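Take 36 as the starting number for the sequence shown in the numbering used here and just add one per residue.
Where is the CB? At the ideal position from N, CA and C, for every residue including glycine.
Here the structure is a predicted model, which means the values were calculated and not measured.
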Amino acid sequence: TDTKTVPYGIRLLTTERGQFRINGRPVFMRGPVNECVYPLTGYPPMDKGAWMRVLQICRSYGFNFMRFNSWCPPEAAFEAADELGMFLQIEIPFWSSGAPEYGEDEKRDQFLLDELNIILDSYGNHPSFAFMAMGNESGGPMNILVNKGRKKDGRRLYRCQNGDVKENGDYAE
Numbered sequence: 036t037d038t039k040t041v042p043y044g045i046r047l048l049t050t051e052r053g054q055f056r057i058n059g060r061p062v063f064m065r066g067p068v069n070e071c072v073y074p075l076t077g078y079p080p081m082d083k084g085a086w087m088r089v090l091q092i093c094r095s096y097g098f099n100f101m102r103f104n105s106w107c108p109p110e111a112a113f114e115a116a117d118e119l120g121m122f123l124q125i126e127i128p129f130w131s132s133g134a135p136e137y138g139e140d141e142k143r144d145q146f147l148l149d150e151l152n153i154i155l156d157s158y159g160n161h162p163s164f165a166f167m168a169m170g171n172e173s174g175g176p177m178n179i180l181v182n183k184g185r186k187k188d189g190r191r192l193y194r195c196q197n198g199d200v201k202e203n204g205d206y207a208e
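Below, the structure written as structure tokens:
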């Protein structure tokens with residue numbers, strides 16, 4: 036018999052009249068944008084201790100949230116955020132400003148859908164994984180990805196660039 040022990044947390048994240056709510060209580064999300072800029076190494080930290088340091092600094096400034104602009108951090112970031120009670124916005128690697136919009140490049144669009152599925156499968160059980168965004172400043176029918184993400188895993192809020200109506204996302208940037 037095989038067994039596996041995993042830590043987990045339960046929370047209900049919703050929106051009501053433009054206000055985020057955690058377990059029914061209003062909450063203001065405040066935090067920095069992480070652009071995956073690590074000039075000393077060329078890559079983000081891969082260990083939980085380094086992410087604990089980064090996120091504890093954020094908490095010392097009163098932040099409860101971190102946005103990962105057009106990228107997904109490693110497992111260690113989720114583990115640290117879970118432990119510290121931080122919320123993360125993960126984004127697929129898509130920034131179409133000056134490039135074909137979503138729906139205009141079949142191979143690239145399949146890659147984006149594959150990335151969305153891999154992110155949800157790999158990190159979906161982390162309570163810190165609160166928001167899933169469809170890239171940054173990207174055009175096209177991104178609601179297609181929002182709805183595929185929601186269908187696969189409805190435990191978080193979803194956003195595409197045009198979050199003006201529920202069909203386009205749960206919140207606007």
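By the neighbour-count criterion, in which a residue is buried when 16 or more other Cβ atoms sit within 10 angstroms of its Cβ, E126 is buried. For the options F129, S157, Y158, W86, the alpha carbon positioned closest to that of Q145 is the one of F129. In the three-state scheme derived from DSSP, where H, G and I count as helix and E and B as strand, A165 is classed as strand. In terms of Cβ geometry, D205 and S163 do not form a close pair [threshold 7 Å]. In this chain, I57 is not harboured by any alpha helix (DSSP H); it is covered by the beta strand (DSSP E) spanning 54-57. Closest by C-alpha distance to C93, out of F113, Y78, W106, G66, is G66. With a contact defined as Cβ atoms closer than 8 Å, R191 and A165 qualify at about 6 Å. Here the alpha carbon of C71 sits roughly 8 Å from the alpha carbon of N104.
Going by beta carbons, R102 and V68 fall inside the 7 Å limit. Excluding five sequence positions before and after H161, the CB atoms of its chain that fall closer than 6 Å to its own CB belong to F113, D117, given in chain order.
Runs of the alpha helix (DSSP H) spanning 4 or more residues and lying entirely within the stretch 64-124 occur at 83-95, 110-119, in chain order. One Cα belongs to L147, the other to V89, and the distance between them is close to 28 Å.
Sixteen is the threshold: since fewer than 16 other Cβ atoms of the shown chains lie within 10 Å of the Cβ of Y73, the residue is exposed. By the 16-neighbour rule on beta-carbons within 10 angstroms, F63 is exposed. For E126, the three-state secondary structure derived from DSSP is strand.
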